[in-house]
Amino acid sequence: MTHPLVSYPQLPDTPTSHLPFSPCVVVGDLIFVSGQASVDQSGNIISDTFEGEFRRSIENVRKVLEAAGSDLAHVVQTRNYVRDAEDVPLYNQLYREYFPQPSPARTTITNCLPPSLRYEVEAVAVRKPN
Numbered sequence: 006m007t008h009p010l011v012s013y014p015q016l017p018d019t020p021t022s023h024l025p026f027s028p029c030v031v032v033g034d035l036i037f038v039s040g041q042a043s044v045d046q047s048g049n050i051i052s053d054t055f056e057g058e059f060r061r062s063i064e065n066v067r068k069v070l071e072a073a074g075s076d077l078a079h080v081v082q083t084r085n086y087v088r089d090a091e092d093v094p095l096y097n098q099l100y101r102e103y104f105p106q107p108s109p110a111r112t113t114i115t116n117c118l119p120p121s122l123r124y125e126v127e128a129v130a131v132r133k134p135n
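Under this note's numbering, the first residue of the sequence shown carries the number 6, and numbering increases by one thereafter.
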């Protein structure tokens, strides 16, 4: 799409995927971050413990947001996918580290990912003020 308010920012270390989607789309001051999982810069899945995959996924969100002129403190909504429901208590603990009060609006869905992933997250953020 070509529109003066829409952009698709990426830096050299922005995680990318072989799948057909942009890491993020910026519309005005809103940043829509595509699902980020435990992947390396080239989109290869890195299997780990739930905590390891959670932290890598959130760090990927952080990198995508930096490319778009924002950061985790400016996230207003997340959508979270947790493969195993028994990981939800740990998920809540880790989530609080990255998103303290007042936390973003949030949705969490469990029992929804393939065996190769334990966690995935999408985010909506605003650009940092100049």
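Using N, Cα and C, we set each Cβ at its ideal position, and we do this for glycine too.
- Within a 10 Å sphere around the beta-carbon of Pro20 sit 16 or more other beta-carbons, which makes this residue buried.
- Taking 9 Å as the cut-off, the beta carbon of Val31 is found closer than this to the beta carbon of Val11.
- Here Arg88 really is in contact with Tyr124; their C-beta atoms are around 7 Å apart, less than 8 Å.
- The C-alpha of Asp76 lies about 11 Å from the C-alpha of Asn65.
- Distances from the CA of Ala72 to each of His8, Ser27 and Pro120 were compared; the closest alpha carbon is that of Ser27.
- DSSP places Val81 inside the beta strand (DSSP E), whose first and last residues are Val80 to Val87.
- Nearest in C-alpha terms to Asn135, of all of Arg111, Asp34, Gln82 and Pro17, is Asp34.
- In the three-state reduction of the DSSP assignment, Gln41 falls in the strand class, which pools E and B.
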